[in-house]
Amino acid sequence: RCQCPAGFGGPTCETAQSPCDTKECQNGGQCQVENGSAVCVCQAGYTGAACETDVDDCSPDPCLNGGSCVDLVGNYTCLCAEPFKGLHCETGDHPVPDACLSAPCHNGGTCVDADQGYVCECPEGFMGL
């Protein structure tokens, strides 16, 4: 029986092998050889060494005004409480008394309650909604 060098296999070491021959990627991930090692390149919405983990697109919770976040693969949707609507449940006739409870502002922004929900006051160098 032959002792094969790295990269070869078979009874007489006649078969060239790729590191991807023994690497299994999940959830549609594709194996690529990088610097001699097998690496899984994951599809959108998945992460991990073998693409085994569904990314939680609801963390941090993007839904406002009591909306519930539903995690999808590579996306999310907000189920809005009445009377709110919009991608993040950001519009409606009667704002929740403290829309800032969900801490919707990022990068050090300060949340201020407003008539239709909230406004983020952004630090210097940042801008947004």
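Taking full-length UniProt numbering, I'd label the letters of the sequence shown as residues 1 to 129.
All residues carry an ideal CB built from backbone N, CA and C; glycine is no exception.
Between the CA atoms of His88 and Pro62 - distance to the nearest angstrom: For the purposes of this step, residue 62 is identified with residue 62 of the sequence shown, where counting begins at 1. For the purposes of this step, residue 88 is identified with residue 88 of the sequence shown, where counting begins at 1. Spanning the two alpha carbons is a distance of roughly 6 Å.
C-beta contact flag for Cys31 and Gln43 at 9 Å: Here residue 31 refers to the residue found at position 31 of the sequence shown. Here residue 43 refers to the residue found at position 43 of the sequence shown. The answer is no: Cβ separation not under 9 Å.
Cβ neighbours of Ala49 in the same chain (closer than 7 Å, five flanking residues each side left out): For this step, residue 49 is matched to residue 49 along the sequence shown. Same-chain partners within the cutoff: Cys40.
Spatial distance of Lys23 from Ala38 (CA atoms): Indexing the sequence shown from 1 puts residue 23 at position 23. Indexing the sequence shown from 1 puts residue 38 at position 38. Roughly 6 Å between the two C-alpha positions.
Spatial neighbours of Asp71 in its chain, beta-carbon cut-off 8 Å, leaving aside the 5 residues before and after: Residue numbering aside, residue 71 sits at position 71 when the sequence shown is read from its first letter. Asp54, Asp56, Asp57 and Cys58.
Test item: CB-CB of Cys105 and Cys78 under 9 Å: Here residue 105 corresponds to residue number 105 of the sequence shown, with the count starting at 1. Here residue 78 corresponds to residue number 78 of the sequence shown, with the count starting at 1. Here Cys105 is not near Cys78, since their CB atoms are 9 Å or more apart.
Thr77 - partner residues in DSSP beta bridges: Numbered from its first residue, the sequence shown carries residue 77 at position 77. According to DSSP, which records beta bridges pairwise, Thr77 is partnered with Val70.
Buried or exposed by the 16-neighbour rule on C-beta atoms within 10 Å, applied to Gly108: Sequence index remark: in the sequence shown, residue 108 carries index 108 (1-based). It is exposed - the Cβ of Gly108 has fewer than 16 other Cβ atoms within 10 Å.
Of the listed residues Val33, Gly74, Tyr76 and Pro60, nearest to Pro19 (C-alpha basis): As a first step, residue 19 must be located in the sequence shown, where it is residue number 19. Comparing Cα-Cα distances from Pro19 to each of Val33, Gly74, Tyr76 and Pro60, the minimum goes to Val33.
Enclosing beta strand (DSSP E) for Gly92 [first to last residue]: Looking up residue 92 in the sequence shown gives position 92. Judged by DSSP secondary structure, Gly92 falls outside any beta strand (DSSP E); it is assigned neither H nor E.
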